[in-house]
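A.B. asks: Okay, here's the structure, questions in a sec.
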Amino acid sequence: MTRPTDEHADKWDDWEDEQDAVAADAHAGTPPVGPEADARAFHDDAPLSADARDAVSSEEEAEDPIDGDAEWTWNLKRMEHDLHHLPTPPALLRPSPSSDTADDDSAKLLEIMRVAQTTAQHIERGRDAVRTLEALALVAKFHVLSLRWGFGVELAAGDAEMEVPMLVARLRKLAGDWGIWTHVRDEIPKEELTAIHEMSALLHQSLMACEGDLVPFQQLILDVFASLPQQTLPIPVTWIRPLAQKMQQAAADASFAAPPSLYVQQLVHLSDPPPPSNDTMLQVASLTEAEVFQDAKDITRDELVVNGELVKGTRGYDAIVDTVQRQIETLLVQQTHSDKQQHSTRDVTQLDAITHNIAKQILHACNRTESGGSSYEILSQFLSMNHKEDVSPVVLRPDSARAAPLEIALDLGAYLERVDTPATSSSEEPPRSDELWAFGVRAVLSAVTWYLVCDADDPTLELVAIKTRYENRMAFSLGLTPFHPLTAMRRDRGHVHIQVLTPGPEAALGFENEALR
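Each residue of the sequence shown is one higher than the last, beginning at 1 in full-length UniProt numbering.
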């Protein structure tokens, strides 16, 4: 903005005097309208009209605000609502280039709108920070109550029985998908497993009965996926685990007798886990040289989007690791106000090493070898193309031209902890008092890969196009949660979401002509 002249300053003072006069009339009993009403409504102490109270009340009920909001003397939702609904100034709708006064007023109003938008963004970030700190406080309180209860410490009547379920209910609401029990377990629910096997067997029978005519198979797979929600089938990565390994795990689970307090047992296991080679899903461990070499090779040919920031693989592996590590440290500073200067040199060095390893673990979990390999194996198994006794009449051909950037979304929040003790290996959900909650950095990893199902005799004939989206979650407590070591980690089993689409018109036409010969 240009510096105002004395004449402009006098005009601004006159305008303010007019607003004061309007405000005085309003207090005298004349209800203001237009911008004056909006100015009064924005003031902290200004009362709401009946309609405005109903609107704000309905909005707050729909959003299910944090308990206790109604007791505050100021309301974040109210302020955010008002800032997002400021009226557009008439001067902006009808500019008058010939008038210096109009130009000056327009510039002032533009500045007001800019400040209002910035303030709304600050309020949104502030709300996120409040929810983050609330989750941290709830996790800490949950640990204290559960630990005292687990050791049989006398509590006030009904404290544990009432408070722990309420805390868990609130934590699940704040955690969202991170509080879903089935995401933490390796075992697949029986109903889900049965449905996947039935669909796979149906496609396998259609392929084996085609006798050179793949049109029925093409129509069947399109019809099957058209009947699914969002035309997508999610398959857990553990679905391809060897059957013998599943049966061995089930036998171990059946022979185990759980101790009186599952919660206490989980804490002991988390604090003193087995060697990393046997428990790689629980501890942040350094990658091997071979893993780092493969990750560096994959990443240079790819692109990533880290919290909305596009990162080119050509920058090199080390630079990308530093980018992910910087995003993690920025989250810690912004959401928990944690500053390295508040810690000793030893703690800072240890934290740097841990966050550096975390960044490498995240990249390793979503690289093309991991995500693309899992997607290909799941898809091959689902289409029954790897049966040794049969030769499949179709082949999978990667469609590299449609590859999308890898995506990494990082935030801070509460999550259910994954602790693979024998007592927690069952797919049956434990009582809420025995759940183990943590707080820390959460990462959602996503990678999209496209494939074409083609005729094995002529791979140029495309039957269907398949979009696979590999998705996994990782979380790291970083010592932010009581009783959790710096190296504690949660890594989910991962899912491959399969979506079947029709190929291009040229391919479909070519296939139909081939089938008619």
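The beta carbon of each residue, even a glycine, is placed where N, CA and C say it ideally should be.
Within 10 angstroms of the Cβ of LYS360, are there 16 or more other Cβ atoms? Answer buried if so, exposed if not.
C.D. replies: Start at 1 with the first residue of the sequence shown, and residue 360 comes out as number 360. Buried.
A.B. asks: Helix, strand or coil for LEU384, going by three-state DSSP, please let me know.
C.D. replies: Numbered from its first residue, the sequence shown carries residue 384 at position 384. For the record, residue 384 in the displayed sequence is Ser; it is not Leu. Coil, per DSSP.
A.B. asks: If contact is defined by three or more beta carbon pairs under 8 Å, each pair taking one atom from either stretch, is the segment 480-494 in contact with the segment 197-206?
C.D. replies: no
A.B. asks: Would you decide whether PRO236 is buried or exposed? Buried here means 16 or more other CB atoms lie within 10 Å of its CB.
C.D. replies: Walking along the sequence shown from the start, residue 236 turns up at place 236. With 16 or more Cβ atoms within 10 Å of its Cβ, PRO236 is classed as buried.
A.B. asks: In the structure shown, what three-state DSSP assignment does ASN357 receive?
C.D. replies: Translated into positions along the sequence shown, residue 357 becomes position 357. Here ASN357 sits in helix by DSSP.
A.B. asks: Determine the direct distance from the alpha carbon of ARG172 to that of ILE498, and round the result to whole angstroms.
C.D. replies: The count along the sequence shown starts at 1 and reaches residue 498 at position 498. The count along the sequence shown starts at 1 and reaches residue 172 at position 172. Answer to the nearest angstrom: the Cα atoms are 28 Å apart.
A.B. asks: Do the segment 393-410 and the segment 440-456 make contact, defined as three or more Cβ pairs closer than 8 Å?
C.D. replies: Verdict: yes, contact present.
A.B. asks: Could you tell me which residues DSSP puts in a beta bridge with ARG490?
C.D. replies: As a working mapping, residue 490 is identified with position 490 in the sequence shown. Beta-bridge pairing by DSSP links ARG490 to ALA475.
A.B. asks: In terms of residue numbering, what span does the beta strand (DSSP E) encompassing SER446 cover?
C.D. replies: To locate residue 446, count along the sequence shown from 1; it is residue 446. That run of the beta strand (DSSP E) goes 437-455.
A.B. asks: Please determine whether the Cβ atom of ARG301 lies at a distance below 7 Å from any heavy atom of the ligand ADP.
C.D. replies: This structure lacks the ligand ADP; in fact it carries no ligand of any kind.
A.B. asks: How long is the line joining the alpha carbons of GLN335 and GLU435, rounded to whole angstroms?
C.D. replies: As a working note, residue 335 is residue 335 in the sequence shown. As a working note, residue 435 is residue 435 in the sequence shown. The alpha-carbon atoms of GLN335 and GLU435 are separated by roughly 25 Å.
A.B. asks: Check whether the Cβ atoms of LEU406 and VAL441 sit closer than 8 Å, and answer yes or no.
C.D. replies: Counted from its first residue, the sequence shown places residue 406 at position 406. Counted from its first residue, the sequence shown places residue 441 at position 441. No.
A.B. asks: Could you check how far apart the C-beta atoms of PRO503 and GLU471 are, in whole angstroms? I think they sit under 8 Å.
C.D. replies: The residue you call residue 503 lines up with position 503 of the sequence shown. The residue you call residue 471 lines up with position 471 of the sequence shown. No, PRO503 and GLU471 are not in contact; Cβ-Cβ is about 25 Å, not under 8 Å.
A.B. asks: Just how far apart, CA to CA, sit ALA175 and GLY373?
C.D. replies: In the sequence shown, the residue the question calls residue 175 occupies position 175. In the sequence shown, the residue the question calls residue 373 occupies position 373. Straight-line Cα distance between these residues: approximately 30 Å.
A.B. asks: Of all the options ALA296, VAL305 and ARG114, which has the alpha carbon lying nearest to the alpha carbon of ALA404?
C.D. replies: Reading the sequence shown from its first residue, position 404 is the one you call residue 404. For the residues ALA296, VAL305 and ARG114, the minimum Cα distance to ALA404 belongs to VAL305.
A.B. asks: Which residue marks the beginning of the alpha helix (DSSP H) containing GLN219, and which one marks its end?
C.D. replies: Taking the sequence shown and counting its residues from 1, the one referred to as residue 219 is at position 219. Note, GLN219: alpha helix (DSSP H), 215-226.
A.B. asks: If I measure Cβ to Cβ from TRP450 and keep anything under 6 Å in the same chain, skipping five residues before and after, which residues do I get?
C.D. replies: By one-based count along the sequence shown, residue 450 stands at place 450. ASP399, ARG402 and LYS467, listed in sequence order.
A.B. asks: For the alpha helix (DSSP H) that ASP295 lies in, which residues bound it at each end?
C.D. replies: Position 295 of the sequence shown, counting from 1, holds the residue named residue 295. Its alpha helix (DSSP H) spans residues 289-299.
A.B. asks: Can you give the Cα-Cα distance for GLY299 and ILE408, rounded to whole angstroms?
C.D. replies: As a first step, residue 299 must be located in the sequence shown, where it is residue number 299. As a first step, residue 408 must be located in the sequence shown, where it is residue number 408. With the sequence shown as reference, residue 299 is identified as Ile, and Gly is not the correct amino acid for it. Spanning the two alpha carbons is a distance of roughly 13 Å.
A.B. asks: Would you decide whether LEU310 is buried or exposed? Buried here means 16 or more other CB atoms lie within 10 Å of its CB.
C.D. replies: In the sequence shown, residue 310 corresponds to position 310, counting from 1. Answer is exposed; the Cβ neighbour count stays below 16.
A.B. asks: Expressed to the nearest angstrom, what Euclidean distance is found between the alpha-carbon atoms of LEU410 and GLU198?
C.D. replies: Here residue 410 refers to the residue found at position 410 of the sequence shown. Here residue 198 refers to the residue found at position 198 of the sequence shown. Approximately 36 Å, taken between the alpha carbons.
A.B. asks: Taking the Cβ atom as the reference point for each residue, do ILE358 and VAL284 lie within a distance shorter than 8 Å?
C.D. replies: For this step, residue 358 is matched to residue 358 along the sequence shown. For this step, residue 284 is matched to residue 284 along the sequence shown. The answer is yes: Cβ separation under 8 Å.
A.B. asks: Taking Cβ positions, are LEU501 and MET474 nearer each other than 8 Å?
C.D. replies: What you label residue 501 is simply residue 501 of the sequence shown in a count that begins at 1. What you label residue 474 is simply residue 474 of the sequence shown in a count that begins at 1. No, these two residues do not count as a Cβ contact at 8 Å.
A.B. asks: Alpha carbon to alpha carbon, what distance is there between LEU331 and VAL139?
C.D. replies: Within the sequence shown, numbered from 1, the residue matching residue 139 stands at position 139. Within the sequence shown, numbered from 1, the residue matching residue 331 stands at position 331. Taking the straight line from one Cα to the other gives about 18 Å.
A.B. asks: Applying the 10 Å Cβ sphere with the 16-neighbour rule, what's the burial state of ASP295?
C.D. replies: The residue labelled residue 295 in the question sits at position 295 within the sequence shown. That one is buried.
A.B. asks: Within 10 Å of its beta-carbon, does ASP302 have 16 or more other beta-carbons around it, so buried, or fewer, so exposed?
C.D. replies: Locating residue 302 in the sequence shown gives position 302, counting from the first residue. ASP302 is buried by the Cβ-count criterion.
A.B. asks: Is the distance from the Cβ of ILE320 to the Cβ of ALA443 below 8 Å?
C.D. replies: Residue 320 sits at position 320 when you count from the first residue of the sequence shown. Residue 443 sits at position 443 when you count from the first residue of the sequence shown. Result no, Cβ atoms of ILE320 and ALA443 do not sit closer than 8 Å.
A.B. asks: Name the two residues that bound the continuous beta strand (DSSP E) containing ALA409.
C.D. replies: Working through the sequence shown from its first residue, we reach residue 409 at position 409. Per DSSP, the unbroken beta strand (DSSP E) holding ALA409 starts and ends at 406-416.
A.B. asks: Decide if ALA488 is buried, meaning its Cβ has at least 16 other Cβ atoms within 10 Å, or exposed.
C.D. replies: Indexing the sequence shown from 1 puts residue 488 at position 488. Buried, by the Cβ-count rule.
A.B. asks: For GLU329 and ASP128, what's the separation of their Cα atoms in angstroms?
C.D. replies: For this step, residue 329 is matched to residue 329 along the sequence shown. For this step, residue 128 is matched to residue 128 along the sequence shown. Their Cα atoms are separated by approximately 17 Å.
A.B. asks: Is it buried or exposed, GLY179, if we count other Cβ atoms within 10 angstroms and call 16 or more buried?
C.D. replies: For the purposes of this step, residue 179 is identified with residue 179 of the sequence shown, where counting begins at 1. With 16 or more other Cβ atoms within 10 Å, it is buried.
A.B. asks: Going along the chain, which residues of its own chain have a beta-carbon closer than 8 Å to the beta-carbon of ASP318, five neighbours each way excluded?
C.D. replies: Here residue 318 refers to the residue found at position 318 of the sequence shown. Cβ neighbours of ASP318 beyond the five flanking positions: none.
A.B. asks: LEU287 and HIS356 look like a contact to me (Cβ under 8 Å); what is the Cβ gap, rounded to whole Å?
C.D. replies: What you label residue 287 is simply residue 287 of the sequence shown in a count that begins at 1. What you label residue 356 is simply residue 356 of the sequence shown in a count that begins at 1. Contact doesn't hold; Cβ gap of about 11 Å is too wide.
A.B. asks: Using the Cα positions of ASP213 and LEU207, report the straight-line distance between them to the nearest angstrom.
C.D. replies: Counted from its first residue, the sequence shown places residue 213 at position 213. Counted from its first residue, the sequence shown places residue 207 at position 207. The alpha-carbon of ASP213 is positioned some 9 Å away from that of LEU207.
A.B. asks: Following the continuous beta strand (DSSP E) through THR232, name the residue where it begins and the one where it ends.
C.D. replies: Residue mapping note: residue 232 aligns to position 232 of the sequence shown, counting from 1. For THR232, the enclosing beta strand (DSSP E) covers residues 232-236.
A.B. asks: On the DSSP bridge list, what partners appear for GLU303?
C.D. replies: Here residue 303 is taken as the residue at index 303 of the sequence shown, counted from 1. In the DSSP output, where bridge partners are listed per residue, GLU303 has LYS312.
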